[in-house]
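First the structure, in the form of structure tokens, and then the observations on it.
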Amino acid sequence: MNRFLLHVLIVCVFSLKVFAVPLVQTELPQDDEDDDWDEDESSEADDDSRIYKNPRNSPSTECPRDEEQATLLGQKCLRKCSSDEDCKSKKKKCLCDGVCGMSCIKPDRECPELAQPSLGQVSLSGRHFGQRASYSCPHGYHVVGLQSRLCQADGNWAGAEPACKQNIYCLKPPKIEHARNSALPDQETFDLDSTVQYHCHNGFVTNGFPRAKCLAIDGQASWYGPDIQCEPRSCGQPPDPANGWHSGECYTFGCRITYNCGTGYELVGKHERTCQPDGSWTPKELPTCVSKNDSSSAI
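FYI, in mature numbering (1 follows the signal peptide of the UniProt record, and there is no 0) the residues of the sequence shown are -20 to -1, 1 to 279.
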């Protein structure tokens, strides 16, 4: 090859390497947290440790949050709030979501379409959050189940689809002291073979069979079960400080004991301790009885 041509080829290749401009991948701007996909499981997750914008309004007394009951009902609770400022997404508002309390909710969240039942009919006020589906039956039949279902913030209709039945059904399940159950609060009638799960309140221990079932015997429908007792959790007998004692013989959830010191001693620490729902005494620190002579000499 001619030396001049070889020199030109080398210069061209070198120039391409030096002046080559790498391709820049331009990323499309991503939507912020206001997009329409459901980010609630991550960024809008519940967080008890966070600080509210309006702490005086939280928790809400008019719309309290009851996560234990929501779990029993199978309802998913979104991020709790006291005002719109507590919501990360600008598309969300702080609204009441039933047992989930004040939550960050997209007002335009839609629930799925509902098919017409084989017997009876369903009419909708709409499919957005807070709107209702109302069921009705022909003459001679009763709506057994939830007569009106609410569109919840998690995008699901409350409860299950009711049915039109003739006369044989159960009314509200029995109440058990210190317990809650999985029946929806607004549901008045229950179909045969319906089951309800019971759960003792926080601080109580479940003893027995925690379920009830609607059964028909001799043409009469009735609940069978539950067979439980909710007994307060025990914290055990607490120890006494040296040269002191406690008064009170109740050692279960909610009970209080009072500490006293013998003659010539004075109490240092809290006079009272309370049994907590988890079975522990609070405060955790046991008070002490200090000799009055020792305390006066220290002064």
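Positions of the beta carbon are idealized from the N, C-alpha and C atoms, including for glycine.
**OP:** Taking the CB atoms as reference points, tell me whether C150 and S114 lie closer together than 9 Å.
**Re:** In the sequence shown, the residue the question calls residue 150 occupies position 170. In the sequence shown, the residue the question calls residue 114 occupies position 134. Result no, Cβ atoms of C150 and S114 do not sit closer than 9 Å.
Original post:
Distance, Cα to Cα, P221 vs Q209?
Top reply: As a first step, residue 221 must be located in the sequence shown, where it is residue number 241. As a first step, residue 209 must be located in the sequence shown, where it is residue number 229. Cα-Cα distance, rounded: 35 Å.
Subject >> Beta-carbon spacing of R129, H108 below 9 Å >> reply: For the purposes of this step, residue 129 is taken as the residue at position 149 of the sequence shown. For the purposes of this step, residue 108 is taken as the residue at position 128 of the sequence shown. Not in contact: R129 and H108 (Cβ atoms no closer than 9 Å).
**OP:** Within the same chain, show all residues whose beta-carbon is closer than 8 Å to that of Y245, passing over the 5 residues directly before and after it, in chain order.
**Re:** Walking along the sequence shown from the start, residue 245 turns up at place 265. Within the same chain, Y245 has close Cβ partners N223, G224, C269, V270, S271 and K272.
Original post:
Counting contacts by CB-CB distance shorter than 9 Å, is H122 in contact with chain C?
Top reply: Any reference to chain C falls outside this structure, which holds one protein chain only.
**OP:** Let me know the alpha helix (DSSP H) ranges lying completely inside the stretch 231 to 278, each 4 residues or longer, listed in chain order.
**Re:** 272 to 278
Subject >> Cross-strand partners of G188 (DSSP beta bridge) >> reply: As a first step, residue 188 must be located in the sequence shown, where it is residue number 208. In DSSP, G188 forms a bridge with I208.
Original post:
Within this structure, are the beta carbons of L104 and D77 separated by less than 9 Å?
Top reply: To locate residue 104, count along the sequence shown from 1; it is residue 124. To locate residue 77, count along the sequence shown from 1; it is residue 97. No. Outside cutoff.
Subject >> Residue(s) in a DSSP beta bridge with R45 >> reply: Looking up residue 45 in the sequence shown gives position 65. DSSP lists no partner for R45.
Original post:
Hey, would you say C215 sits closer than 9 Å to Q167, going by beta carbons?
Top reply: Taking the sequence shown and counting its residues from 1, the one referred to as residue 215 is at position 235. Taking the sequence shown and counting its residues from 1, the one referred to as residue 167 is at position 187. Contact flag unset, no.
Subject >> From Y239, Q217, T243 and S227, residue whose alpha carbon lies closest to that of F233 >> reply: For this step, residue 233 is matched to residue 253 along the sequence shown. Out of Y239, Q217, T243 and S227, Q217 has the C-alpha closest to the C-alpha of F233.
Original post:
What is the rounded straight-line gap between the Cα of P142 and the Cα of N161?
Top reply: Here the question's residue 142 lines up with position 162 in the sequence shown. Here the question's residue 161 lines up with position 181 in the sequence shown. Between P142 and N161, the C-alpha separation is close to 19 Å.
Subject >> Supposed close pair Y178, I156 - CB separation, criterion 8 Å >> reply: Taking the first residue of the sequence shown as position 1, residue 178 is located at position 198. Taking the first residue of the sequence shown as position 1, residue 156 is located at position 176. With 8 Å as the limit, Y178 and I156 qualify as a contact, their Cβ atoms being about 6 Å apart.
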